[in-house]
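Accompanying notes for the structure given below.
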Amino acid sequence: MARKTPMHPLKAKEARRNALFTVPMACLAVLLVALPLVYVAGMALTTADGQFTLSNFKGILRADYLMVFANSLKLAFYTTVISLLIGYPFGYFMARSGRRWKSLLMLLVIIPFWTSALVRIYGLKILLQGNGPINTILKSLGLIEKNIKFLGSYGSVLLAMVYCLISMMILPCHSAVDKMDFTLVEAARDLGSAPWRAFIDVTLPLTMPGILAGCVLVFVPSVGIFYLSDIMGGGLVLVGNLIRDQLLKVRDWHMGSAMSMVLIVLTAGIYLVYRK
């Protein structure tokens, strides 16, 4: 029978130190993540008198509830596409800029993280309101006669979504472009590829991990954000609104928990697809 080789004292000490650092984080993860998830799952799978049931999940199959989920996914998809169309070129330009410009552009991207999202959204709302700066400037230039109603529309909610989440697209795209070996692009150009062909055949595949990471980082939060619709007055009922109403207005915690579990499974599925 083979004897176990004793661990070196230094390695044993390092293992104990690593365990000391790991235990507090593991306890916090269990307390703040695992236990709440177990509680929500338990509420979703039980009735008010504690009996096991799947009726809460069957109740989500109502046509109006399914429409809310579809609207949330559609809004998240549009937000992701627009963020990609704006964020990728911005990240590419930022990665290819000189050090001074790159630092300035990176600062402009990061600064919004220093401010509360609610404060920024209310600032956007002030800009878009009927007597706000945008309408005032357009009137002074003679481009419009009456104020344009920006607020209370689907477009205003979509704009707020993109405004809040576009940084999450820019940063991964910038990182992917910044790490790319551009000698491969030069080699493709030397072999006769047109600029657009070299971009499609070389640059796009090499930066695809950053694109996918940005899409996940934008899509997943945009499915659950609901306060933007309330603030911008778009009149949209999203999944987040539905869950909030079930928990705080209807006081049906079991149905609200079931909706929350569906949303968690949906976002987890998107993440697993990204990992594949």
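Mapping of the sequence shown onto my numbering: position 20 corresponds to residue 2, and the numbering continues sequentially without gaps.
Backbone N, C-alpha and C define an ideal beta-carbon position, used for all residues, glycine too.
Where the alpha helix (DSSP H) through residue i begins and ends
i	result
S157	Y136 to D160
S204	L186 to G206
I225	V221 to L230
S242	W235 to R257
F72	A45 to R78
T118	P115 to S122
A170	T165 to D172
V91	R81 to I92
I42	Here I42 belongs to no alpha helix (DSSP H), and DSSP marks it neither H nor E.
W96	Here W96 belongs to no alpha helix (DSSP H), and DSSP marks it neither H nor E.
D212	Y209 to M214
G32	Per DSSP, G32 belongs to no alpha helix (DSSP H) and is neither H nor E.
When the options are compared against residue i, the one with the closest alpha-carbon
i	options	result
S37	K258, M241 and L254	M241
K40	M237, D183, F181 and V255	M237
L220	T165, Y256, Y136 and A176	Y136
M143	I246, I103, L153 and K121	I103
L48	L19, L245, T35 and S122	L245
A77	Q33, L123 and D163	D163
I213	R257, K128 and L110	L110
V247	A45, L19 and C9	L19
I68	A8, T185, L153 and G215	L153
Supposed close pair residue i, residue j - CB separation, criterion 8 Å
i	j	result
V139	S85	So it is not a contact: roughly 33 Å between Cβ atoms.
T262	V159	Nothing about residue 262 can be read from this structure; the chain reaches only from -17 to 258.
L66	M151	6 Å
S79	V205	With a Cβ gap of about 33 Å, S79 and V205 do not count as contacting.
D183	A170	6 Å
F75	S149	Actually they are not in contact, since the Cβ atoms of F75 and S149 sit about 15 Å apart, beyond 8 Å.
V50	L254	Rounded, the Cβ-Cβ distance is 24 Å, inconsistent with contact.
M25	W178	53 Å between Cβ atoms; not a contact.
I126	L120	5 Å
Exposed unless 16 or more other CB atoms sit within 10 angstroms - verdict on residue i
i	result
V202	buried
C155	buried
V198	buried
C146	buried
N117	buried
I108	exposed
A250	exposed
V91	buried
L141	buried
G32	exposed
G73	buried
Other residues of its chain near residue i: CB distance less than 7 Å, five sequence neighbours each side excluded
i	result
M(-17)	In this prediction, M(-17) has a pLDDT of 47, which is less than 50 and means its spatial position is unreliable; what the coordinates show is noted afterwards. Cβ within range, chain order: n/a, list empty.
M190	none
G222	G206, I207 and F208
S157	G192
A180	V167, A170 and R171
Y70	C155 and I193
R226	F208
M88	M76
Y60	L140
Neighbourhood of residue i by C-beta distance below 8 Å, restricted to the same chain and skipping five residues each side
i	result
A23	S239 and M243
A99	C146
L218	N53, L57, Y136, V139 and S211
P187	none
Residue i: CB within 6 Å of a non-hydrogen atom of the ligand GDP
i	result
G73	Looking for the ligand GDP in the displayed structure turns up nothing, as the structure carries no ligands at all.
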